[in-house]
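Have a look at the structure below before the remarks.
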Amino acid sequence: MHGLPAINPLTLVSAQQIAVLSHEALTREIWLSPKPGLVDALNSGAHRDMDLALFLASIEAVSPWFSHFVSVGQQSAALPAHEALAQARLPGLACEQAMFSATGGVNTHKGGIFSLGLLCFAAGRLQAETLTQSRLCAEVAALCHDLVARELKHSARQATIGERLYHRFGLTGARGEAQSGFATVRRHVLPYWHQEIDPTRRLLNALLRLMAVNADTNVVSRGGIDGLRFVQQSARRLLIAGWCTDDLLALDAELTERNLSPGGSADLLAVSMVLAALPA
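Residue numbers (my numbering): 31 to 310.
Spelled out as C-alpha cells, the structure:
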C-alpha cells in the first residue's frame with residue numbers, strides 16, 4: 031500500500047509526535063484500498079465530487095495545522111477542560127478554510143480535522159505527562175463534556191446535517207464519539223489491533239469493525255437508517271465469514287451503487303491509527 035511503513039506502538043510519544051502521526055494516519059487512510067464506498071487508490075467510491083488527488087491536496091493543506099493544535103493545547107494547559115475547548119475553535123475554523131481553499135469548497139476532511147485536531151489539542155494539554163491511549167482519550171472526553179447537549183440537543187437551528195440527524199434519529203456523530211473519548215475505537219478496534227500481522231489487512235479489518243458498529247451519520251445522510259443497517263450488516267458478514275479482496279471489491283461496487291459512504295468510519299480509522307501508536 032503505497033510503500034508506507036506500519037505505524038508501530040511507541041514507548042514514549044511527545045505531543046508534537048501526535049501531530050506527525052495524524053498526518054501519517056490521513057495519508058495511510060486515503061491510500062488504503064479497497065475501501066468500500068470510499069475514495070481510495072482504486073476509485074472514488076460513492077463520491078462524485080472527490081478523488082485521490084483531491085484528498086492528497088487536502089491532506090497537505092490541513093496537516094500543518096495539527097502542530098498548531100498541539101501548541102494551542104499547550105498554551106491552554108492551565109485552563110479547566112470545560113473552558114479550554116473554546117481555544118481550539120479558531121484554529122479549527124482556519125484549518126477547515128485551508129481545506130476548502132485546497133479543494134475548491136469540497137468537504138474532504140472536516141470530520142478528520144475535528145477528531146484529529148482534538149487529539150492534538152489534548153496532547154498539547156498533557157505535554158508534561160506520559161501520553162497513553164487512556165490518558166489522551168480521557169482528556170478528549172473531558173474537553174468535550176456535554177458537547178452533544180450544548181451543540182445538538184439544545185440547538186434549535188437544525189441547520190447542519192448533524193443537527194438534523196440528531197433531532198430525527200438521536201445520532202450524535204463525531205461529537206458523540208469525541209464526548210465518549212472515542213469509545214467505539216477503544217472497544218471495537220484497539221483490542222484486536224495486533225491480531226493481524228499484515229499491516230494492510232489490519233487496517234481493512236479495523237475499518238470493517240468500525241463499519242459494523244458505528245452509527246455513521248455520513249451513511250444515514252445518504253441512505254437513511256436502512257442504508258446504515260445495510261452497511262453494518264454487510265461489514266459484520268465479512269468479519270464473521272472471513273474476507274478476501276474480491277469481497278471488499280464487491281461491497282465497494284454495491285455501496286457505490288447505493289450511494290453509501292462510511293466516511294465517519296474512515297475518520298475513526300485515522301483516530302485508531304494514532305491511538306494504536308501509543309502505549310495502552
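Idealized CB from N, CA, C, for every residue including glycine.
None of these values were measured; they are calculated from a predicted model.
*Per-residue DSSP class, three states only, for K65*: By 1-based counting over the sequence shown, the position of residue 65 is 35. For K65, the three-state secondary structure derived from DSSP is coil.
- First and last residue of the alpha helix (DSSP H) that includes P110? Within the sequence shown, numbered from 1, the residue matching residue 110 stands at position 80. Per DSSP, P110 is not a residue of any alpha helix (DSSP H), being assigned neither H nor E.
Original post:
Do you know offhand how far V250's Cα is from V102's?
Top reply: Here residue 250 is taken as the residue at index 220 of the sequence shown, counted from 1. Here residue 102 is taken as the residue at index 72 of the sequence shown, counted from 1. Answer to the nearest angstrom: the Cα atoms are 34 Å apart.
Note to self: Taking only three categories from DSSP, how would you classify A76?
What the structure shows: Here residue 76 is taken as the residue at index 46 of the sequence shown, counted from 1. A76: coil per DSSP, three-state reduction.
Exercise. CA-CA distance, R194 and K140?
Worked result: Numbered from its first residue, the sequence shown carries residue 194 at position 164. Numbered from its first residue, the sequence shown carries residue 140 at position 110. Cα-Cα distance, rounded: 17 Å.
Q.
For L56 and W223, what's the separation of their Cα atoms in angstroms?
A. For the purposes of this step, residue 56 is identified with residue 26 of the sequence shown, where counting begins at 1. For the purposes of this step, residue 223 is identified with residue 193 of the sequence shown, where counting begins at 1. Per the coordinates, the alpha-carbon of L56 lies some 18 Å from the alpha-carbon of W223.
**Item:** Which of helix, strand or coil DSSP assigns to H32
**Value:** Along the sequence shown, read from residue 1 onward, the residue named residue 32 stands at position 2. The pLDDT assigned to H32 is 49, lower than 50, so where the model puts this residue is not dependable, and the model offers no usable value.
If we ignore side chains and look at the alpha-carbon of each, how far apart do A283 and D228 end up? What you label residue 283 is simply residue 253 of the sequence shown in a count that begins at 1. What you label residue 228 is simply residue 198 of the sequence shown in a count that begins at 1. Between the alpha carbons of A283 and D228 lies a distance of about 24 Å.
Check your understanding: Per DSSP, what kind of secondary structure is A95 in: helix, strand or coil?
Key -> For the purposes of this step, residue 95 is taken as residue 65 along the sequence shown, with counting starting at 1. In the sequence as displayed, the identity of residue 95 is Trp instead of Ala. In this structure, W95 counts as helix in the three-state DSSP scheme.
*Assign G33 to buried or exposed, taking buried as 16 or more other Cβ atoms, counted over all protein chains shown, within 10 Å of its Cβ.*
The residue labelled residue 33 in the question sits at position 3 within the sequence shown. Here the model assigns G33 a pLDDT of 45, short of 50, so the residue's position is not dependable and the matter cannot be decided.
- Query: How many angstroms separate the CA atom of T247 from the CA atom of L166?
  - Reply: Here residue 247 refers to the residue found at position 217 when the sequence shown is read from its first residue. Here residue 166 refers to the residue found at position 136 when the sequence shown is read from its first residue. The straight-line gap separating the alpha-carbon atoms of T247 and L166 is approximately 24 Å.
CB V301 to CB S145, shorter than 7 Å?
As a working note, residue 301 is residue 271 in the sequence shown. As a working note, residue 145 is residue 115 in the sequence shown. Less than 7 Å separates the beta-carbon of V301 from that of S145.
Worksheet item: Roughly how many angstroms lie between the CA atoms of S295 and V215, to the nearest whole one?
Response: The residue labelled residue 295 in the question sits at position 265 within the sequence shown. The residue labelled residue 215 in the question sits at position 185 within the sequence shown. Roughly 10 Å between the two C-alpha positions.
Straight-line gap, A213 to E207 (C-alpha atoms, nearest Å): Position 183 of the sequence shown, counting from 1, holds the residue named residue 213. Position 177 of the sequence shown, counting from 1, holds the residue named residue 207. One C-alpha to the other measures close to 7 Å.
* To do: Note down the Cα distance separating G122 from L72, rounded to an integer number of angstroms.
  => Reading the sequence shown from its first residue, position 92 is the one you call residue 122. Reading the sequence shown from its first residue, position 42 is the one you call residue 72. Spanning the two alpha carbons is a distance of roughly 30 Å.
**Prompt:** Is the beta carbon of A76 sitting closer than 7 Å to the one on N244?
**Reply:** The residue you call residue 76 lines up with position 46 of the sequence shown. The residue you call residue 244 lines up with position 214 of the sequence shown. Going by beta carbons, A76 and N244 fall outside the 7 Å limit.
Check: How would you call L258, buried or exposed, if buried means at least 16 neighbouring beta carbons within 10 angstroms?
Finding: Within the sequence shown, residue 258 is the residue found at index 228, counting from 1. Its Cβ being crowded by 16 or more others within 10 Å, L258 is buried.
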